[in-house]
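Residue numbers (my numbering), protein chains in the order written: chain U, 28 to 298; chain S, 669 to 985; chain C, 10 to 429.
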Amino acid sequence: MRLKLTTVVAYLLLLIGSLVMVFPFAWMVMSSFKEAREIFALGFWPSAWSFDNYREVLFRTAFPRWFLNSLIVATITTTSVLFFCSLVGYTLTWLRFPGRTLIFVLMLSTLMVPTEMLVIPWYVMSVNYGWVNTFWGLIFPGLIPAFGVFLMRQFFRTLPRDLFDAARVDGMSEFGLFWQIGLPLVRPALAALGIFAFIGNWNAYLWPLIIAKSNDMRTVPVGISLFSGEAGAAWHLIMTANALAILPALAVFVIFQKQIIEGVALTGVKG
Amino acid sequence: MTTPGKNAKPVLTLARREALWAYLFLLLPLAFFLLVRFWPTLQAFQLSLFTWHVDPLQRQFVGLGHYQEMLGEPRLQRALLNTLLYTLIIVPAQLVLGLSIATLLQSVTAFKGLFRAIYFAPYVTPAVAVAWVWSWLYSVNFGVFNNLLFEWSLFWEARGIPWLSIAPQPFLTSPSQALLAVAVVVIWQGLGFQVVIFLAGLQGIPRMYYEAARIDGANPWHLFRHITVPLLNPVIVFSVVISTIASLQLFDQVVNIRFLDQGGPLNSTLTIVLYLYQEAFGRFRFGYATAVAVLLFILVLVVTIVQFKLISRRVDY
Amino acid sequence: MKAVTKLIVAAALVLLSGTALAQITITYWQFDFATRVEAINQLIAQFEAENPGIRVVHETFPHAAYAEQVAVAVPAGQGPDVAQLFYGWLPMWARAGLVKPLPEQFFDTATIDAEFVPMVQVAKIDGVYYGLPTSVRTLALFYNRDKLEAAGFSQPPSTWDELIEVAKALTVRVGPRFTQIGLGVAPAGQDHHLIREVLTRQFGTPPHSEDGRQVLFGNEAGLAAFEFYTSLITEHEIGVIEFVPGAGGYREGFRSLENIAMIIDGSFAVGDTAAVAQFTWGVAPIPTLDNGVRANFGSFWMNGLTPNAFRDPAILEASAKFLEFITRPEAMRIKLELVGELPARRELIDDPQLVVDPVFEPFVAALAYATATRFVDELAQRRVIIDAVNRVVMEGMDPAESWRLAAQEEQGILDQFHRQ
């Protein structure tokens with residue numbers, strides 16, 4: 028195997044870049060094992076690998092509750108996203124009915140409206156209906172994203188019409204056509220959508236910050252944000268709390284790496 | 669199984685049945701869109717025309733008053749400027765870096781998956797946590813970056829080459845550096861996404877184009893400029909649009925990287941969304957804040973349309 | 010069968026409503042400060058023991074998010090019945106409808122005027138009280154006695170010149186890097202009060218007019234005060250802004266990291282410092298100029314009633330009772346013990362026992378001349394001073410120019426509020 032100079036340079040650059048990507052997290056993890064004064068000193072490695080900080084954050088804050096909240100909200104939302112976006116995407120592609128184009132265009136037009144413009148009306152609505160500081164309040168804005176509808180429609184369009192016509196003639200119900208024939212064929216898109224929905228929902232900040240007002244309704248990002256703010260100069264705890272927020276995400280990524288990256292690539296190609 | 673009702677009710681044709689099912693399927697989603705997307709959009713416009721009070725009876729109609737107020741408000745002007753600056757820095761940087769790294773990755777054979785994973789990993793983590801970590805790294809007296817710079821400078825000064833030394837930087841405590849410092853964090857976290865989509869785009873370009881051009885005597889730069897870039901156009905558009913929209917809506921990182929002085933120092937990192945949030949939930953001015961939100965909406969709309977017109981190109985083979 | 014079911018349901022309802030009547034739950038919110046939280050928890054335990062039908066739910070929020078959370082919760086009909094607020098926020102909160110005037114039937118204005126220290130009168134709008142404090146605070150100079158003595162100073166500084174001298178001796182740096190600073194400057198901490206209320210008066214001008222509508226600190230004396238403060242950082246280099254990053258970093262640097270020799274902080278910091286500090290520390294009055302003019306900033310966190318408390322007469326009564334309980338002399342003693350906050354009632358201030366404790370002496374002595382700024386929007390006005398300092402320190406702006414801008418900004422805030 029001949030080693031071309033360009034290849035060596037490429038590897039070198041990639042390696043340097045990788046170090047840049049890894050370094051902040053590495054520092055964060057190292058800091059999470061240091062005690063209060065040590066973190067202000069200059070070393071990289073902790074002198075003693077103490078789990079005190081983790082104990083402090085896990086047991087003396089509401090972190091477990093934040094984690095549970097995030098899990099509940101993200102799971103429910105993702106389930107809804109997968110079901111409804113694919114159902115709507117399918118309907119807009121393979122069912123014929125008056126107003127189909129209009130409805131599609133209307134739904135697509137909502138893509139133009141940034142959520143930041145809607146948070147205040149959503150908040151006012153939540154106030155009026157008593158959704159503030161509830162799970163429903165956390166969940167409702169993200170249940171059926173227009174992006175998801177668009178994505179699923181793109182994928183349903185790639186399927187052959189005969190497939191559905193044949194099945195319809197065989198007497199399959201409309202829902203069966205969707206559920207048993209259409210859905211399995213768009214599995215890669217479902218995976219991509221599900222991943223995006225889950226990750227996006229888990230990491231959401233602005234809306235949960237507004238709607239969750241008590242400590243035990245916070246999601247992980249809001250919880251660690253406010254915790255870090257009030258922790259003052261206790262940076263060893265701040266680093267630990269943020270490590271606890273980041274590490275599960277990284278763990279999930281490592282496990283589902285292939286699907287996640289393929290999902291992202293998919294949206295890039297189709298988008 | 670015979671189609672039920674086909675003979676019993678002559679009105680229910682196949683087409684009508686299909687339409688009915690369609691409406692049934694769309695019932696809940698349409699209700700959702702109406703309730704959660706359309707109605708709030710209209711409400712936003714309406715809210716922006718009134719002052720806000722907890723008691724509905726005390727809200728006053730001000731018409732375009734909030735919009736007029738926005739014109740003369742220096743903090744908002746600064747927020748607008750900053751948001752545009754963020755966009756102008758982040759979008760090209762992510763595009764160039766993403767494409768470069770993807771190209772590098774494309775050219776190597778070993779450890780491709782590992783590298784790709786390393787570059788992408790930060791993207792799945794919460795921006796909030798990333799901001800706090802970088803906030804600590806950027807810390808002026810105790811942060812890693814300045815420590816390294818300090819050691820670096822000492823090193824060169826000890827060897828009698830003082831001009832190579834770099835002074836510790838104020839980073840987030842300097843109005844002139846803070847915005848750039850935040851932009852670096854955003855670029856760092858979003859880079860992986862760009863790398864992955866460009867990598868997918870690159871892998872989708874048929875090799876025969878390159879081979880044919882190489883036979884014609886094209887050098888690597890020609891290949892890049894005349895084959896790669898045009899064929900990557902859809903991905904480039906996607907990258908630019910996504911980056912832009914994200915940059916225009918910057919909030920999480922700005923809030924958390926200087927939590928005690930959000931948007932500071934001296935409004936140098938302030939973004940439109942942060943300004944909006946502060947006006948709404950810090951000063952209880954929902955009417956005014958919604959007007960700012962409407963401004964953001966118009967901004968995003970205009971920028972996206974302009975981008976599509978400018979960048980989108982049909983590629984002719 | 011149906012009749013029996015009806016009876017059972019009816020009985021259940023009666024029982025439930027009966028227990029509901031007996032148990033009233035009120036919610037109290039305050040901003041998160043460890044020792045204050047502990048004090049309130051103790052008070053709640055006592056209150057619930059004395060009032061078995063009332064249950065108090067206690068929630069806290071970090072400083073940065075507290076005001077926002079109240080703004081989100083109260084309009085939703087959720088959140089606190091009794092809420093703590095910084096007295097400087099009162100005008101904005103009252104205008105936004107987040108707190109309501111204390112009902113006369115439970116709280117008599119004249120009695121409050123007579124029983125509480127004078128600075129509490131700032132909690133009135135249009136002659137009606139909107140809340141009451143459990144404790145008040147003043148500022149003083151905290152110093153690390155070990156470090157001072159090691160540097161040859163047996164007494165804490167009493168004038169600003171002395172302070173500069175001491176601080177310079179205690180500032181340690183290697184090139185551009187400080188490893189220890191003499192004075193923990195913190196415009197975002199108490200220093201903006203120091204500048205606006207203390208230094209201006211020491212240099213010869215009240216910061217605002219009597220009615221609180223005019224900014225006076227833009228004059229020569231005010232500018233001298235501002236220039237003096239910024240010179241501590243830019244010229245004498247005895248302080249570094251954000252030396253220790255994070256909320257209250259200056260406090261952390263003083264008492265646990267021990268890389269800050271002196272800080273100017275409120276009496277509320279006494280409790281924590283006593284608990285954490287592993288060195289000998291002391292408290293001294295804020296230094297003066299050579300002319301000896303004394304000034305101090307008094308402030309307080311007050312407890313008010315939100316619209317939620319008024320939705321039900323039983324809840325209102327319970328909330329009023331709770332508010333009255335936590336502003337009793339006994340409650341104030343607990344706050345003093347646990348938090349180091351001075352009682353808000355005159356009878357306790359005159360208590361000889363209080364003055365004897367050396368730690369509190371400078372704080373109590375300052376009560377005689379401490380003034381509370383008449384804020385209309387404390388958060389915005391705080392920002393004005395912070396930005397003024399930052400412009401000089403971070404951007405190198407001429408102090409006169411920066412201070413002129415600050416006076417303009419503050420006047421704008423006052424004008425905008427009073428115009429509405």
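Think of the CB as a built atom: it goes at the ideal place given N, C-alpha and C, for glycine as much as any other residue.
Item: For a test of the three-state rule: what should DSSP assign to residue 29 of chain C, helix, strand or coil?; Value: Because residue 29 of chain C sits at a pLDDT of 48, beneath the cut-off of 50, its placement in the model cannot be relied upon, and the following sentence gives the value as read from the coordinates. It is helical.
Item: Please check if any C-beta of chain C sits within less than 9 angstroms of the C-beta of residue 915 of chain S.; Value: no
Item: Specify, as a first and last residue, the run of the alpha helix (DSSP H) that residue 858 of chain S falls within.; Value: 846–871
Item: Which partner residues of residue 36 of chain C appear in the DSSP bridge assignment?; Value: C:66
Item: Exposed or buried, residue 684 of chain S, counting other C-beta atoms within 10 Å across all chains shown (16 or more means buried)?; Value: exposed
Item: Alpha carbon to alpha carbon, how far is residue 134 of chain C from residue 111 of chain C?; Value: 11 angstroms
Item: Threshold first: 4 residues or longer. Then list the alpha helix (DSSP H) segments lying entirely within the stretch 262–321 of chain C, N to C.; Value: 279–285
Item: Which residues in chain S have a C-beta closer than 8 angstroms to the C-beta of residue 423 of chain C? List them in chain order.; Value: Within chain S, no residue comes near residue 423 of chain C; the closest Cβ sits about 15 angstroms away, beyond 8 angstroms.
Item: For the stretch 756–765 of chain S and the stretch 910–922 of chain S, state whether three or more C-beta atom pairs, one from each stretch, are separated by less than 8 angstroms.; Value: yes
Item: How long is the line joining the alpha carbons of residue 680 of chain S and residue 136 of chain U, rounded to whole angstroms?; Value: 33 angstroms
Item: Applying the criterion that 16 or more other CB atoms from any shown protein chain within 10 Å of the CB defines a buried residue, is residue 59 of chain U buried or exposed?; Value: buried
Item: For the stretch 372–402 of chain C, enumerate the residues whose C-beta is nearer than 7 angstroms to any C-beta of chain S, in chain order.; Value: 388, 396, 399, 400
Item: Please determine, among C:161, C:108, C:144, C:160, the residue with the shortest C-alpha to C-alpha distance to residue 137 of chain C.; Value: C:108
Item: Who are the Cβ neighbours of residue 732 of chain S in its own chain at under 8 angstroms, not counting the five residues just before and after it?; Value: 717
Item: Is the Cβ of residue 832 of chain S closer than 9 angstroms to any Cβ of chain U?; Value: no
Item: Taking the alpha-carbon of residue 190 of chain C as reference, which of C:338, C:153, C:34 has the nearest alpha-carbon?; Value: C:153
Item: Output needed in chain order: residues of the stretch 261–276 of chain U with a Cβ under 7 angstroms from some Cβ in chain S.; Value: 262, 265, 266, 269, 272, 273, 276
Item: Look at the Cβ atom of residue 796 of chain S, then the Cβ atom of residue 839 of chain S, and state whether they are nearer than 9 angstroms.; Value: no
Item: Comparing the C-beta of residue 254 of chain C with each C-beta of chain U, is any distance below 9 angstroms?; Value: yes
Item: Do you know whose CA, among S:934, S:968, S:953, lies nearest residue 743 of chain S's CA?; Value: S:934
Item: So with Cβ pairs under 9 angstroms, would you call residue 815 of chain S a contact of chain U?; Value: yes
Item: Would you grab the beta carbon distance between residue 820 of chain S and residue 833 of chain S for me? Rounded to a whole angstrom, and I think it's under 8 angstroms.; Value: 7 angstroms
Item: Looking at C-alpha atoms only, which residue of S:693, S:855, S:813 is the closest neighbour of residue 186 of chain C?; Value: S:813
Item: At 4 residues or longer, what runs of the alpha helix (DSSP H) sit wholly inside the stretch 333–376 of chain C?; Value: 338–348, 355–358, 361–365, 370–375
Item: Identify the residues that DSSP records as bridge partners of residue 153 of chain C: which are they?; Value: C:290
Item: Take the Cβ of residue 341 of chain C as the centre, count every other Cβ of all protein chains shown within 10 Å, and call the residue buried at 16 or more, exposed below.; Value: buried
Item: Measure from the C-beta of residue 709 of chain S to each C-beta in chain U and report whether the shortest distance is under 9 angstroms.; Value: yes
Item: Are the C-beta of residue 127 of chain U and some C-beta of chain S separated by less than 9 angstroms?; Value: yes
Item: Between which two residues does the alpha helix (DSSP H) harbouring residue 930 of chain S extend?; Value: No alpha helix (DSSP H) holds residue 930 of chain S; DSSP gives it neither H nor E.
Item: Look up residue 807 of chain S in the DSSP assignment and say whether it is helix, strand or coil.; Value: coil
Item: Quick check on DSSP: helix, strand or coil for residue 394 of chain C?; Value: helix
Item: In chain C, which residues lie with their C-beta within 9 angstroms of the C-beta of residue 375 of chain U?; Value: Outside the displayed span of chain U (28 to 298) sits residue 375 of chain U, for which this structure offers no information.
Item: Can you name, in chain order, every residue of its own chain whose Cβ lies under 6 angstroms from the Cβ of residue 166 of chain C, other than the five neighbours on each side?; Value: 172, 175, 296
Item: Taking the beta strand (DSSP E) that residue 136 of chain C falls in, what are its first and last residues?; Value: Element bounds for residue 136 of chain C: n/a, residue is neither H nor E.
Item: If we count Cβ pairs, one from each stretch, closer than 8 angstroms, do we get three or more for the stretch 287–306 of chain C versus the stretch 208–219 of chain C?; Value: yes
Item: In chain C, what lies closer than 9 angstroms to residue 899 of chain S by C-beta?; Value: Per Cβ cutoff of 9 angstroms: no residues; residue 899 of chain S is ~47 angstroms from chain C at best.
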